[in-house]
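Numbering-wise, the working numbering comes out as the position in the sequence shown, counting from 1, plus 1. C-beta: ideal position from N, C-alpha, C; glycine also.
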Amino acid sequence: MSYDDDWPDEAVNERREAIRETIRRVDVSEIRALGKERFGDSADPWAERFNRFLNTHPKARYYQAEVPGGFEIAYCHDTGDALWFLPGSGMGVVQEKGKRFLKELVNSLEPLG
């Protein structure tokens with residue numbers, strides 16, 4: 002089962018509400034620190050991908066949120082990309098449905114202009 006497809010409506014609603022309550026804008030150094038916490042100094046392919054992305058988009062607008070079950074979300078509003086982390090277990094790419102929700106949520110939080 003992917004992170005955000007095929008979940009019961011109650012679980013989806015619970016996750017969305019948690020994201021609404023916890024999402025906050027962070028700078029790239031905070032997102033780097035999250036990556037360092039999750040990967041250490043390993044040569045994990047996800048770590049390489051994550052760091053390459055941050056190096057390519059150092060001035061982008063990043064957001065972080067927490068989801069029930071210990072999941073964390075890192076979202077780049079400028080590119081629309083998002084990753085989920087489950088400390089001690091793994092990580093992955095947030096699927097399109099989740100990215101649309103994040104985009105709409107952040108758009109509602111940011112002032113127009």
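Neighbour-count burial assignment, Leu110, 16 or more Cβ in a 10 Å radius:
In the sequence shown, the residue the question calls residue 110 occupies position 109. By the 10 Å Cβ count, Leu110 comes out exposed.
Thinking just about the alpha-carbon of each residue, which of Glu105, Val13, Asp82 and Tyr63 is nearest to the one in Glu31?
Residue 31 sits at position 30 when you count from the first residue of the sequence shown. Of the candidates Glu105, Val13, Asp82 and Tyr63, the one whose C-alpha sits nearest the C-alpha of Glu31 is Tyr63.
What do you reckon, are the CB atoms on Leu84 and Gly71 nearer than 8 Å?
Looking up residue 84 in the sequence shown gives position 83. Looking up residue 71 in the sequence shown gives position 70. Not a contact, by the Cβ cut-off of 8 Å.
Which one or two residues does DSSP pair with Gln65 in a beta bridge?
In the sequence shown, residue 65 corresponds to position 64, counting from 1. Answer by DSSP bridge pairing, in chain order: Arg25 and Ala75.
Is the distance from the Cβ of Val68 to the Cβ of Ile20 below 8 Å?
On the sequence shown, residue 68 is found 67 positions in, with the first residue counted as 1. On the sequence shown, residue 20 is found 19 positions in, with the first residue counted as 1. Yes. Within cutoff.
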